[in-house]
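Heads up: take any position in the sequence shown, counting from 1, add 72, and you land on this note's numbering. Positions of the beta carbon are idealized from the N, C-alpha and C atoms, including for glycine. The model shown is predicted, which means the values in this text are computed figures rather than measured ones. These notes are about the structure you will find just below.
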Amino acid sequence: AAIALSQSGVQACSVHNNCSGKHCGFLSFAHHQGIDPKGYIDHQHPVQQAVNDAMGRMMDLKISDHPMGIDGCSIPTYALPLPNLAMAFARFGTGEQLPDDWQKACHSLYQAMVTEPFYVAGSERHCTKVMQAFGGQVACKTGAEGVFGAAIPHLGLGIALKALDGNSRAAEVALNVLLDHLNLQPTEAVFEQHSKLHNCNKMHVSSVQLALVK
């Protein structure tokens, strides 16, 4: 896609950012609710306040009580406990303890992710590959700084991971191993318990594997 964009003569801008879909969601919400979208990325804007309320409801906590920063695409982001994030993913997958309209919304979003995983993250991202491999059993999404989340509705589980070094390769391996320990059977042969590392000449030079420390 990047090569095609370059060849077209169109100059890349913010609409080509991989977070542009999320920003479209913010703007669509503002339009739907009749909210002035100006300044929608500010943490005090009604759009971000609504996002915080929704996250807090899914996680059973008050978002504003936690440290806030600005993420790579300019919106507020928060340091939140992993158990609460895992709870949110579990609720996203099952709809448990949520109002009926929230359950329907979560179900629609879940089905959209697992039915068309390419549109979640493109062709080469790990979350896309996992959703393709597990045929609707798992919805997952990678995040910045080594964060990974997953919902497994038929087991009533949510997973939240954070690689301390901020690199996604360790989180990807950890997710694979967890899914394997849950006895989930992938439908495609793209699932591995290690991450192969290649140099600039595409030579396999090493692998990342999980080491359990007691």
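Buried or exposed for residue i, going by 16 or more other Cβ atoms inside 10 Å?
| i | result |
| --- | --- |
| LYS213 | buried |
| ASN248 | buried |
| GLN209 | buried |
| THR187 | exposed |
| ALA76 | exposed |
| VAL123 | buried |
| ALA246 | buried |
| GLU196 | exposed |
| GLU168 | exposed |
| LEU254 | exposed |
| VAL202 | buried |
| ILE135 | buried |
If contacts are defined as beta-carbon pairs under 8 Å, then residue i and residue j qualify, I think. What distance do you get, rounded to the angstrom?
| i | j | result |
| --- | --- | --- |
| ALA193 | GLY218 | Contact flag wrong, Cβ pair sits at about 15 Å. |
| ALA216 | GLY144 | 6 Å |
| CYS178 | PHE161 | Contact doesn't hold; Cβ gap of about 10 Å is too wide. |
| ALA184 | GLU260 | No, ALA184 and GLU260 are not in contact; Cβ-Cβ is about 20 Å, not under 8 Å. |
| ALA211 | ALA222 | 7 Å |
| ALA232 | LEU157 | 4 Å |
| SER92 | SER86 | 7 Å |
When DSSP builds the beta bridges, which residues end up paired with residue i?
| i | result |
| --- | --- |
| ILE291 | There is no way to answer for residue 291, as the model of the chain reaches only from 73 to 286. |
| CYS212 | ALA222 |
| VAL280 | SER267 |
| LYS234 | VAL219 |
| LEU291 | With the chain covering only 73 through 286, there is no way to say anything about residue 291. |
| LEU229 | ILE224 |
By Cβ distance, which residues of its chain are closer than 8 Å to residue i, with the 5 residues on each side in sequence left out?
| i | result |
| --- | --- |
| SER240 | HIS198, THR214, GLY218 and PHE220 |
| THR200 | PRO189, PHE190, VAL192, ALA193 and GLY194 |
| LEU269 | ARG241, HIS276, VAL277, SER278, SER279 and VAL280 |
| LEU292 | No statement about residue 292 is possible, as the shown extent of the chain runs from 73 to 286 and does not include it. |
Enumerate in chain order the residues of its own chain whose CB-to-CB distance from residue i is below 7 Å, with the five nearest sequence positions on each side excluded.
| i | result |
| --- | --- |
| ILE107 | PRO118 and VAL119 |
| MET159 | MET131, ASP132 and GLY230 |
| LEU250 | ILE231 |
| GLN175 | GLY167 |
For residue i, which residues in the same chain have their Cβ closer than 6 Å to its Cβ, ignoring the five residues on either side in sequence?
| i | result |
| --- | --- |
| PRO139 | ALA151 |
| ILE113 | SER146 and ILE147 |
| THR166 | PRO225 and GLY228 |
| PRO258 | ALA205 and PHE206 |
| HIS115 | PRO148 |
| GLY111 | HIS117 |
| GLY238 | GLU217 and GLY218 |
| GLU244 | HIS198 and SER267 |
Tell me whether residue i, by its Cβ, gets closer than 7 Å to a heavy atom of the ligand NAD.
| i | result |
| --- | --- |
| ASN273 | Within the structure as shown, the ligand NAD is missing, as the structure has no ligands at all. |
Is any beta-carbon of chain B found at less than 8 Å from that of residue i?
| i | result |
| --- | --- |
| ALA242 | The chain labelled as chain B is not found in the depicted structure, where only one protein chain is given. |
Residue ranges of each beta strand (DSSP E) within the segment 98-144, 3 or longer: Taking 3 residues as the shortest admissible run, the segment 98-144 contains the following complete beta strand (DSSP E) segments, listed from N- to C-terminal end: 140-142.
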